[in-house]
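For the sequence shown, this note's numbering gives the first residue as 164, with consecutive numbering after it.
Written out below as structure tokens is the structure these notes cover.
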Amino acid sequence: MRDLGWLTARPIAHRGLHDRAAGRIENTLPAAEAAVARNFAIECDLQLTSDGVPVVFHDDRLDRLTEETGPVGARSHAELRAIRLRDTDAGIPTLEELLDVVDGRVPLVIELKSGWNGDRRLEQAVAPIVTAYAGPAAMMSFDPASMAAIRRLAPSLPRGLVADA
């Protein structure tokens with residue numbers, strides 16, 4: 164087994180180093196840039212747009228962080244690109260935009276948000292992007308079937324389950 168010490172070698176900024184008072188909202192490029200500046204690894208969350216683009220956003224719905232309402236997955240990439248997060252100029256980044264900003268400088272711990280419905284399009288979209296990424300990255304999900312799909316689609320990627328009560 165290859166060395167995975169990079170997973171625990173430094174603090175991990177949950178959803179990036181966000182600080183709403185400073186105008187850095189969770190899972191945005193400014194939150195990622197702040198984490199990189201502090202040399203923190205970054206945990207982020209991925210969802211799939213209606214047209215199959217992986218975007219960095221935690222909640223199933225837009226309501227908490229934007230002036231919009233409804234499910235993230237019901238919107239196209241173009242529609243989400245036009246949405247600003249509350250009280251900021253930041254938008255909802257794609258996975259590829261996040262990878263470009265981080266550029267291998269700190270590790271990424273990427274959570275795949277599952278619909279718990281057997282739909283594996285998110286894993287199919289994410290696996291080739293993260294496999295091609297030159298920086299350190301690991302995948303995780305609360306859904307065991309999601310990680311089984313990642314094992315099949317991208318066996319070289321470190322992966323694991325998130326658990327709670």
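We treat Cβ as the ideally placed atom computed from N, Cα and C, and that holds for glycine.
Nothing here was measured: the structure is a model prediction, and the numbers come from that model.
Beta-carbon spacing of residue i, residue j below 9 angstroms
i, j, result
"A204", "A198", "yes"
"A253", "R247", "yes"
"L261", "C207", "yes"
"M303", "L275", "yes"
"G179", "T251", "no"
"I273", "A301", "yes"
"L228", "E259", "no"
DSSP bridge partner residues for residue i (one or two, in chain order)
i, result
"P234", "R224"
"P318", "Paired residue(s): none; P318 is not in a bridge."
"S304", "L324"
"R257", "One detail in the question is off: residue 257 reads as Thr in this sequence, not Arg. T257 is bridged to V218."
Rounded C-alpha distance that separates residue i from residue j
i, j, result
"A288", "T257", "12 angstroms"
"R268", "R283", "29 angstroms"
"R173", "N202", "8 angstroms"
"G278", "R249", "25 angstroms"
"R183", "V219", "17 angstroms"
CB-CB length for residue i against residue j, believed under 8 angstroms
i, j, result
"T232", "D223", "Not confirmed; about 12 angstroms, so no contact."
"A195", "V293", "Incorrect: roughly 15 angstroms between the Cβ atoms, too far for contact."
"G281", "A237", "In fact, because the Cβ distance is near 18 angstroms, the residues do not count as touching under 8 angstroms."
Cutoff 9 angstroms: residue i Cβ touching any chain D Cβ
i, result
"G298", "This model lacks chain D altogether, as it is built from one protein chain only."
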